[in-house]
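I have placed the structure first, in the form of structure tokens, so that the comments after it can refer back to it.
Residue numbers (the working numbering): 408 to 1114.
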């Protein structure tokens, strides 16, 4: 199982299946494998599972996405500038040229194998020129195959696309078919290979490999086929995050690569793909999909209805929900090209002004959709904030999320109890520089009354990170001055509230550091109380509204809040404060850090457990992005095995998700299997490991947002 995990981060799983079947002279029985078989067969057959963390943009396995690319590249009008990366080729133009050439080679080789099977072809060398004569531009096809065979100087995509269009013929999609079946039928290889028991693509690879075993002298076929696989595998690596390339920035690069390649794929197809993928060998009972909202209410209504009504054949109905998420970004497309945090933005003149304004338009669209169609609350069930955690602070979202939640609560109340308000699930504590920063990000949604009973948090790795281990590996931490100041002010607030006690020798260190940073950032003396209040005012919707945020036209009204109000306004609008605050500094760990962090984690776990807040765990995501090994994943701390509990540490509910399946080469059943075999490797019995998985699945069903 572990070998399969690492192989499939480099090579597509369907390729390995096709090759194995070819080696034993068989037809591939499927496009994927059940990693838990046979040990988890009974568990999956008897246990309802809930998908609670899945991004719709990546909710399609590679074999389906590749079929979409190969069968639709003639109609998608994909251009080089649409592509987000080069996949290892010289540039995006060359990448596109090779993609179209691959589609042409696939159809040509498939046609040869079909005619060979019918006894109407002898070898590829004589067949391809005859096939070329059936097109209006025979030399283009032959030049394209020659270039592919040599692996250099591809024919321009416009020329090969015209030839491919001639050979491929008209789109044979049938409107009454399910989305995935319709996609398969559009594949020109489907008519020959069919769609069962595996996709035409898997069968094509299998047939090609078996032909090469039987006809090793056909060097022309071999060179074209291996070059085709090379393009396919480079595209796979273009999409799948490789081990050792952690960090959300690197992940974002791979995630952005998906969108151009799925051009022309509608929401129904992606929803159906998510349902199929997480039902493979498992009893999927609940599916939540996440995507960004449009600024137009009609688009939101359309998307919700697509999620709700997409047809999918399963033994039992699967409850579905749509969760809309705000994407945290360092930069957005603006003429001034300034970071979102830079207060010099035109028309706004404050930090995150244009970013906030854009999200506000999306909130208005959501409110309008719900007001006009209250029944959408049956499928539109939640809001999320995700992506680059350090790019946008919590305070930006407080008024936005509070506003949309209150609007949904009013609509639910007017329904007489037949509808329910939106829920929240926020990515927090996934990416952090100082462990205290990660813990603060987890607590801020609670501190500023965003989270309510039954809501969820995404990842929350900081909550399960061992302080002593973290301190050992991070004796010196680079962090922007203003972020470290916020960590210190947050700690002072918690101590003042009696949430924990400061270790001996820590108060003076914290106060001196906070005073120094406050003076350096704001250019003058400020009391600790004023600095603490200024931090909290940023998350005060009434304060932000009073000063006219995000346009800052009434910031002189901040004077009624005294010095804290003036400090808050300077933080929002003063470029000098911004520039000084963003300066990085190396902060040396203090001898009392471990004791403080341990107390902070204990307090947060107690708080979240009391509120019945559930953590969404995504082990593969955390391994590849956060470089957290499965052995040390916090999920085993949040939900320990019997006998492994720590006496004074609260147990927290955990759900399991697959996050971004194509980028992470995983699925929800795979995630269960990885955890199971890790428990077995660590010494747990089969029964104990399955009981632990069952508790995990039951928690997922309790914490789901679906109705």
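Here a beta-carbon is modelled for each residue, glycine too, at the ideal position from N, C-alpha and C.
Exercise for review: Could you spell out where the alpha helix (DSSP H) holding residue 1012 opens and where it closes?
Suggested key: 1000-1017
Review point. So what does DSSP say about residue 879, is it helix, strand or coil?
Key: helix
Check your understanding: Based on the DSSP output, what are the partners of residue 695 in its beta bridges?
Key -> 728
Review point. Which residue or residues does DSSP assign as beta-bridge partners of residue 921?
Key: DSSP, once it has assigned bridges, lists no residue as partnering residue 921.
Practice item. Starting from residue 787, follow its DSSP beta bridges and name the residues at the other end. Key: 729
**Study point:** Helix, strand or coil at residue 767 [DSSP, three-state]
**Key:** helix
Exercise for review: Pick helix, strand or coil for residue 1109, following the three-state DSSP scheme.
Suggested key: helix
Review point. Does the count of Cβ pairs from the segment 653-673 and the segment 422-441 closer than 8 Å reach three?
Key: no
**Study point:** Close-in-space but distant-in-sequence residues of the same chain around residue 576 (CB under 8 Å, 5 per side omitted)
**Key:** 595
Review point. Is DSSP giving residue 992 helix, strand or coil here?
Key: strand
Exercise for review: Please list the segments of the alpha helix (DSSP H) lying wholly inside the segment 655-719, counting only runs of 4 or more residues, in order along the chain.
Suggested key: 655-663, 665-668, 674-686, 704-716
**Study point:** Residue closest to residue 732, alpha-carbon to alpha-carbon, out of 865, 660, 542
**Key:** 865
Check your understanding: Any idea which residues DSSP pairs residue 487 with across the strands?
Key -> In the DSSP output, where bridge partners are listed per residue, residue 487 has none listed.
Check your understanding: Got a sec, what are the start and stop residues for the beta strand (DSSP E) residue 865 sits in?
Key -> 863-866
**Study point:** Span of the alpha helix (DSSP H), counted from its first residue to its last, around residue 814
**Key:** 805-821
Check your understanding: Out of 877, 466, 422, which has the shortest C-alpha to C-alpha gap to residue 845?
Key -> 877
Review point. So, using beta-carbon positions, are residue 711 and residue 729 closer together than 8 Å?
Key: yes
Exercise for review: Could you spell out where the beta strand (DSSP E) holding residue 480 opens and where it closes?
Suggested key: Here residue 480 belongs to no beta strand (DSSP E), and DSSP marks it neither H nor E.
Practice item. Would you give the residue range spanned by the beta strand (DSSP E) that residue 827 belongs to? Key: Per DSSP, residue 827 belongs to no beta strand (DSSP E) and is neither H nor E.
Check your understanding: In chain order, what residues of the same chain lie with their CB nearer than 7 Å to the CB of residue 385, ignoring the 5 residues before and after it?
Key -> With the chain running from 408 to 1114 in the structure shown, residue 385 is simply not present.
Point to revise | Span separating the alpha-carbon of residue 380 from that of residue 1006 | key: Nothing in the structure corresponds to residue 380, since the chain is present only between 408 and 1114.
Check your understanding: Three or more C-beta pairs closer than 8 Å, one from the segment 645-657 and one from the segment 1024-1035: is that the case here?
Key -> yes
Exercise for review: Might you give, ordered along the chain, the residues of its own chain that have their beta carbon closer than 7 Å to the beta carbon of residue 773, omitting 5 neighbours on each side?
Suggested key: 700, 707, 731, 811
Practice item. Please check the pair residue 835 and residue 867, which I expect to be a contact at CB under 8 Å, by giving their CB distance rounded to whole angstroms. Key: 6 Å
**Study point:** 6 Å Cβ shell around residue 1054 - same chain, five flanking residues per side excluded
**Key:** none
**Study point:** Rounded C-alpha distance that separates residue 1057 from residue 1018
**Key:** 12 Å
Exercise for review: For residue 1061, write down the residues that DSSP places opposite it in a beta bridge.
Suggested key: 1022
Check your understanding: Under the three-state reduction of DSSP, which class applies to residue 1095: helix, strand or coil?
Key -> helix
Point to revise | Three or more C-beta pairs below 8 Å linking the segment 794-810 and the segment 851-864 | key: yes
**Study point:** Inter-residue spacing [alpha-carbon to alpha-carbon] between residue 724 and residue 690
**Key:** 10 Å
Check your understanding: What are the partner residues of residue 833, as DSSP defines its beta bridges?
Key -> 792, 864
Review point. Do residue 631 and residue 556 have their C-beta atoms within less than 8 Å of each other?
Key: yes
Point to revise | residue 510 in three-state terms, based on DSSP | key: helix
Review point. Taking Cβ positions, are residue 591 and residue 604 nearer each other than 8 Å?
Key: no
Check your understanding: Taking DSSP as the reference, what is the three-state secondary structure of residue 467?
Key -> coil
Exercise for review: Starting from residue 884, follow its DSSP beta bridges and name the residues at the other end.
Suggested key: 994
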